[in-house]
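J.:
Numbering (full-length UniProt numbering), first residue to last: 1 to 386.
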């Protein structure tokens, strides 16, 4: 009798366990309901439950699937997504080139960086980055000063079109001249070298991580170079410059020199600095200004800007601040004024539509379709129409 009762109890326990396993799912994910009945207590601990591990695995996989699906669904309720993308009016999804937003300065100028010792350190350091010899007569065999000017003008146009910081172009030209003074380059590789120098300079001088994208620079070359070529030449330039890319440019001297001139109440120093920055950028295109140090070019650009505003007689004070020979400053100042006079004479040409264009004949970068049609690398840098 006892054996028979024990057998009936075991059968009832098994039937109860089967109902729990097949009809009631474990509570997991959004399928669980608040009003659902709670599962029955488990059988005696002495009895094995081989289905426990199976249900546990199913529940874990079910949760993972629900989590993945939830990520694919849009958020609802009070939650919102912040999109920092700026789209200009009239732009479409298939724009011809990527746009790069250029915000203003990120912080105010530190007064510690305006001390005299900073100026002295710059005067000592600039000699390490100066080009002291005419590399067209010693190193380069194919490249000419005219080719250098063409590529430099293209680099300047790219920086202006993208609204880069004023320090990017002079620093890129510094890399450009330093590389040409130590390594021979073919004329078909000159634009590739200039593009790599722009990429490096924008990474160093643009605030944050807002450097010029490599894809954008490839687009500006009308796809005559590839992204792989640009990245390879970036490393090549770094290796030739021995990774010493924190160069001193004429822009680094402008605030230090302007703050030490007696200009308070006589003129707008910000306007003088903008004019001096323009002279520095224009002078960087010509090879004849390469042999001048950065402090000399900065001093003469300030003097030329002040003379254009009717304030003369500051060359002596600049000589005292920098220790540069006064005759050398006078010669450089005269060359800057001659350059500005030439630009004034040949700058503006009025086209039939009444719009002003530069006499150099520069045209805007081509569209995407035109860039694909002109993707062949030119054999001569003078054949490139910028």
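The beta carbon of each residue, even a glycine, is placed where N, CA and C say it ideally should be.
Ordered along the chain, which non-local residues of its own chain (more than five positions away) have a Cβ less than 8 Å from that of residue 310?
T.: Along the chain shown, read from residue 1 onward, the residue named residue 310 stands at position 310. None.
J.: By Cβ distance, which residues of its chain are closer than 7 Å to residue 174, with the 5 residues on each side in sequence left out?
T.: Position 174 of the chain shown, counted from the first residue, corresponds to residue 174. Result list for residue 174: 129, 247 and 249, in chain order.
J.: Name the residue from 147, 178 and 113 whose alpha carbon lies nearest to the alpha carbon of residue 127.
T.: As a first step, residue 127 is located in the chain shown; it is residue number 127 there, counting from the start. The residue with the shortest Cα to Cα distance from residue 127 is 178.
J.: Decide yes or no for the touch test of the stretch 278-297 against the stretch 222-241: beta carbon pairs closer than 8 Å, at least 3 of them.
T.: Touching, no, given that fewer than three Cβ pairs across the two stretches are closer than 8 Å.
J.: Determine the direct distance from the alpha carbon of residue 332 to that of residue 291, and round the result to whole angstroms.
T.: Locating residue 291 in the chain shown gives position 291, where the first residue counts as 1. Locating residue 332 in the chain shown gives position 332, where the first residue counts as 1. Looking at the two C-alpha atoms, the distance is approximately 10 Å.
J.: How is residue 144 classed by DSSP in three states: helix, strand or coil?
T.: Locating residue 144 in the chain shown gives position 144, where the first residue counts as 1. Three-state DSSP puts residue 144 in coil, outside helix and strand.
J.: For the stretch 131-143 and the stretch 178-191, state whether three or more C-beta atom pairs, one from each stretch, are separated by less than 8 Å.
T.: The stretch 131-143 vs the stretch 178-191: in contact.
J.: Provide the residue span of the alpha helix (DSSP H) that contains residue 408, from first to last.
T.: Residue 408 lies beyond the stretch modelled for the chain, which goes from 1 to 386, so this question has no answer here.
J.: Please state whether the Cβ-Cβ distance between residue 319 and residue 261 is less than 8 Å.
T.: For the purposes of this step, residue 319 is identified with residue 319 of the chain shown, where counting begins at 1. For the purposes of this step, residue 261 is identified with residue 261 of the chain shown, where counting begins at 1. No, they are not a contact pair.
J.: Within the continuous alpha helix (DSSP H) that includes residue 277, where are the two ends?
T.: As a working mapping, residue 277 is identified with position 277 in the chain shown. 269-285 is the extent of the alpha helix (DSSP H) around residue 277.
J.: Contact defined as beta carbons within less than 8 Å: I believe residue 217 pairs with residue 199. What is the distance between those atoms, to the nearest angstrom?
T.: Your numbering for residue 217 matches position 217 in the chain shown. Your numbering for residue 199 matches position 199 in the chain shown. Contact flag correct, Cβ pair sits at about 6 Å.
J.: Do residue 252 and residue 156 count as a contact pair if the criterion is CB distance below 8 Å?
T.: As a first step, residue 156 must be located in the chain shown, where it is residue number 156. As a first step, residue 252 must be located in the chain shown, where it is residue number 252. The answer is no: Cβ separation not under 8 Å.
J.: Cβ atoms of residue 206 and residue 164: under 8 Å apart, would you say?
T.: Mapped onto the chain shown, residue 164 falls at position 164. Mapped onto the chain shown, residue 206 falls at position 206. Yes, they are a contact pair.
J.: Starting from residue 255, follow the alpha helix (DSSP H) in both directions and report where the run begins and ends.
T.: Counted from its first residue, the chain shown places residue 255 at position 255. Its alpha helix (DSSP H) spans residues 254-258.
J.: Whose C-beta lies closer than 8 Å to the C-beta of residue 136 among residues of the same chain, with five residues either side of it excluded?
T.: The count along the chain shown starts at 1 and reaches residue 136 at position 136. Only 143, 144, 145 and 287 meet the Cβ criterion.
J.: Please check the pair residue 272 and residue 306, which I expect to be a contact at CB under 8 Å, by giving their CB distance rounded to whole angstroms.
T.: Here residue 272 refers to the residue found at position 272 when the chain shown is read from its first residue. Here residue 306 refers to the residue found at position 306 when the chain shown is read from its first residue. Right, their Cβ atoms sit about 6 Å apart.
J.: Quick one, are the C-beta atoms of residue 212 and residue 202 less than 8 Å apart?
T.: What you label residue 212 is simply residue 212 of the chain shown in a count that begins at 1. What you label residue 202 is simply residue 202 of the chain shown in a count that begins at 1. A contact, by the Cβ cut-off of 8 Å.
J.: Who are the near neighbours of residue 258 in its chain, counting only those whose CB is closer than 7 Å to its CB and skipping five residues on each side?
T.: Along the chain shown, one-based indexing puts residue 258 at 258. Around residue 258: 269, 272, 273 and 302.
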